[in-house]
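Colleague: Sharing a structure, written as structure tokens. Questions coming.
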Amino acid sequence: MITALEQSSTQTHDKTVAPWRRFLIGESPAIYQLSEIIELIAPKRITVLVSGETGTGKEVVARAIHAASTRSALPMVAVNCTALPASLVESELFGHAKGAFTGAHMSRIGRFEQAHRSTIFLDEIGDLPSEAQGKLLRVLQEQTFERIGSSETVRVDVRVIAASNIDLENAVRDRRFREDLFYRLNVVPIHLIPLRERREDIPLLLDYFLQKTCAFEGLPPKQVSDEALDFLMAQEWPGNVRQLEHAVQMAFALSGDRLTLTAQDFTVRGRHASLASVNVPAPHRPLVTVGRDGIDFDQVVSDFERSLVNQALAVSGGNKARAADLLRIKRTTLLAKMKVFEDPKSQVISIRENERAAFCA
Ligand SMILES: Nc1ncnc2c1ncn2[C@@H]1O[C@H](COP(=O)(O)OP(=O)(O)OP(=O)(O)O)[C@@H](O)[C@H]1O
Ligand SMILES: [Mg+2]
């Protein structure tokens, strides 16, 4: 694995790597595949619909597509459909003529005209009111529209990228979203999988956000302890990459002058512990895959136990009795484990025989 900084600097020196790759951090197969798709579709005007849970990087992907396209000399125009009051959506998107409605003292161009020869990013498209949905459908079909209160037809050359974190097919079924518009938008569907399903991206993202925060604060680079990394790798991350970014900023602040961030820095003290839930892997999904070369069973078991103990101690703020409770083991067992972990020469034997099946393929 290479770190985000190494990745960035390798990319800076490697002239074959496009600049947009620098802000799409990740080394999982999903991110590699995504980069390949972006490269293929970016030069075309083809419409893209990006879906995925909140914080998975839908806007990052839209910006990457725009940056990789021939339209990148002009800025991408981003519109958040949720943030616009229903009465203003149409005028915001398509503009209006002078006197079109009360308060329209001057004519005004809309976002589609602003995005001429560039890209428009329609975020939270599922919240677009139905009248505006009809008008958008026509722009996608014909690249034309009329400003509100005007009969003059405006023609634009705009690439549309839309995003949604709600299931638009459900919205179509519930008649909240036009089916014909959905198919017009869904020409190239890109679905971003949650961070918990591409955990291998966590170390790189973590390092990227940490070094970015250090640079922003004008401080020397910091690092994350192994035990903190274990802890972070085991979280569910319902808020995905954005939640990880915020967790890094919080931990950075709590670390003070220390150069190494610990697991405690990532746990919020008090009732609203945002990262206190330890992931329990689904029994059918192996944590470790036994390939043709086999694995060192005792080492894997030992590493896994060490990770669980470290996480429990991090969640309990170092309280050993509470950590033992969290793991449903006796405090004396926990102490014995900790003692063994402190001695690098010791081999660890599984806590209970029946726990072995949970993480071996
Ligand atoms: N692959 C990535 N590399 C670097 N930063 C990322 C990546 N994915 C997401 N981020 C960062 O995470 C944060 C959330 O990303 P973004 O706003 O694109 O998510 P989103 O899917 O649009 O979320 P929402 O549905 O809540 O609008 C941003 O600060 C973004 O820079
Ligand atoms: Mg977004």
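If you want our numbering, it's the position in the sequence shown, counting the first as 1, plus 61.
Think of the CB as a built atom: it goes at the ideal place given N, C-alpha and C, for glycine as much as any other residue.
(1) Rounded to the nearest angstrom, how far is the Cβ of D262 from that of I92, given a contact under 8 angstroms?
(2) Can you check which of these residues, D235, V138, D386 and F358, is closest to V370 by C-alpha distance?
(3) Determine which residues share a DSSP beta bridge with A224 and list them.
(4) Compare the C-alpha of G164 against each of A139, G210 and D188 and name the closest.
(5) Just reading off the beta strand (DSSP E) that I251 is part of, what are its end residues?
(6) Between T274 and ligand 1, is there a pair consisting of the residue's CB and a ligand heavy atom that are separated by less than 8 angstroms?
(7) Could you tell me the boundaries of the alpha helix (DSSP H) in which E442 lies?
(8) Please confirm whether any heavy atom of ligand 2 lies closer than 8 angstroms to the CB of E120.
(9) Between which two residues does the alpha helix (DSSP H) holding F270 run?
(10) For the beta strand (DSSP E) containing I181, name the first residue and the last one.
(11) Restricting to Cα atoms, I'd like to know which of D228, Q202, V219 and M311 is closest to D241.
(12) Going by DSSP, what residue range makes up the beta strand (DSSP E) through R169?
(13) Per the contact definition of three or more C-beta pairs closer than 8 angstroms, is the segment 210–226 in contact with the segment 167–179?
(14) Note down the Cα distance separating G378 from G279, rounded to an integer number of angstroms.
(15) Is F84 near ligand 1, in the sense that its beta carbon is under 8 angstroms from a heavy atom of that ligand?
(16) Name the residue from F365, V285, L395 and A123 whose alpha carbon lies nearest to the alpha carbon of P250.
(17) Is the beta carbon of F182 sitting closer than 9 angstroms to the one on V138?
(18) Quick one: any contact between the segment 79–91 and the segment 125–133, if contact means 3 or more CB pairs under 8 angstroms?
(19) Keeping to the same chain, check which residues put their C-beta closer than 6 angstroms to that of E403; ignore five residues upstream and five downstream.
(20) Is it buried or exposed for T328, if we count other Cβ within 10 angstroms and need 16 for buried?
(21) Going by DSSP, what residue range makes up the alpha helix (DSSP H) through N231?
(22) Please name the residue, chosen from A147, V401, A324 and A224, that lies closest to L246 on a Cα-to-Cα basis.
(23) Between the segment 141–148 and the segment 180–198, do at least 3 Cβ pairs fall closer than 8 angstroms?
(24) Report the option in L315, R220, P264 and F238 whose CA atom is closest to the CA atom of P104.
(25) Is the beta carbon of D268 within less than 8 angstroms of some heavy atom of ligand 4?
(26) Consider the C-beta atom of D326 and the heavy atoms of ligand 2; say whether any pair is separated by less than 8 angstroms.
(27) Is the beta carbon of F292 closer than 9 angstroms to that of A324?
(28) Give the straight-line distance between the Cα atoms of I107 and T180, rounded to the nearest whole angstrom.
(29) Look at the Cβ atom of I254, then the Cβ atom of G113, and state whether they are nearer than 9 angstroms.
(30) Closer than 6 angstroms by C-beta to S152: which residues in its own chain qualify, once you throw out the five before and the five after it? Chain order, please.
(31) Considering only DSSP beta bridges, list what T321 is partnered with.
(32) Using DSSP with H/G/I as helix, E/B as strand and the rest coil, what is A103?
Modeller: So, from the data block:
(1) 6 angstroms
(2) D386
(3) V111
(4) G210
(5) V249 to L253
(6) no
(7) In the structure displayed, the chain extends from 62 to 422; residue 442 sits before or after that span and is not available.
(8) yes
(9) I263 to F277
(10) T180 to D184
(11) Q202
(12) First-last for R169: undefined, no H or E at that position.
(13) yes
(14) 30 angstroms
(15) yes
(16) A123
(17) yes
(18) yes
(19) none
(20) buried
(21) L229 to R234
(22) A224
(23) yes
(24) R220
(25) Ligand 4 is absent from the structure shown, which contains only ligand 1 and ligand 2.
(26) no
(27) yes
(28) 11 angstroms
(29) yes
(30) I209
(31) Q284
(32) coil
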